[in-house]
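Asker: Numbering (my numbering), first residue to last: 954 to 1120. Ideal placement from N, C-alpha and C gives every residue a C-beta, glycine not left out. All values derive from a computational prediction rather than experimental measurement. Handing you this structure, nothing more for now.
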Ligand SMILES: Nc1ncnc2c1ncn2[C@@H]1O[C@H](COP(=O)(O)OP(=O)(O)O)[C@@H](O)[C@H]1O
Ligand SMILES: [Mg+2]
């Protein structure tokens, strides 16, 4: 099990956004979460990565309890997020965005491996190679989506949480 959510409750003030939610994701599995506006999809993702508090329940990542762990520590365990609106660094180049995706690895002096992974991203997403010096904010919507996914992969995560830009 890579992600295990057990009976979580999340409140915004008096309003309960998540009621006894449980979810399991095994290694290699792709899970799509579908629901109407306001159903609580984004809240569940925020709950997993530690951006909202859980009133009750537990969350495990790769067997480790992360229910009350600070968000930055959860990221270090190997979860990448491709957020709504993509959250790219608009003025920075495609290359800079990819390198920043590997920020945690660069600080561990894994520079050569990171450069190799950038080449792999260019193989998966050829348009990014052509536009590697172009600023991210000037890419087309689809190209920005490619860059957001590639940047998330640069961290070599064990799991990726992805939200659609079409809401
Ligand atoms: N920061 C917040 N403060 C108060 N209520 C919120 C907040 N964020 C989300 N909600 C409410 O929680 C419910 C679930 O929202 P959300 O998780 O964003 O739904 P979804 O992503 O499925 O559209 C909605 O009713 C929304 O209005
Ligand atoms: Mg949402």
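(1) Per the DSSP calculation, residue 1011 is bridged to which residue(s)?
(2) Between residue 944 and the rest of its own chain, which residues show a CB-CB distance below 7 Å, the 5 nearest in sequence each way excluded?
(3) Per DSSP, what kind of secondary structure is residue 997 in: helix, strand or coil?
(4) Strictly by DSSP, which residues pair up with residue 1113?
(5) Between the region 976–992 and the region 1034–1041, do three or more beta carbon pairs fall short of 8 Å?
(6) Who does residue 978 pair with in a DSSP beta bridge?
(7) Could you check how far apart the C-beta atoms of residue 1004 and residue 1024 are, in whole angstroms? I think they sit under 8 Å.
(8) Report all residues from its chain with a CB closer than 6 Å to the CB of residue 1105; omit the five preceding and five following residues, and keep chain order.
(9) Take the Cβ of residue 1120 as the centre, count every other Cβ of all protein chains shown within 10 Å, and call the residue buried at 16 or more, exposed below.
(10) Do you know offhand how far residue 1048's Cα is from residue 1085's?
Answerer: Based on what the coordinates show:
(1) 959
(2) Here the chain comprises residues numbered 954 to 1120, so residue 944 is not present and cannot be evaluated.
(3) Helix at residue 997.
(4) 1033
(5) no
(6) 956
(7) At roughly 6 Å, the Cβ-Cβ gap stays under 8 Å, so residue 1004 and residue 1024 are in contact.
(8) 1033, 1035, 1113
(9) Only weak support is given to the placement of residue 1120: the predicted model assigns it a pLDDT of 43, under 50, and the question is left unresolved by the model.
(10) Cα atoms of residue 1048 and residue 1085: separation of roughly 5 Å, rounded to the nearest angstrom.
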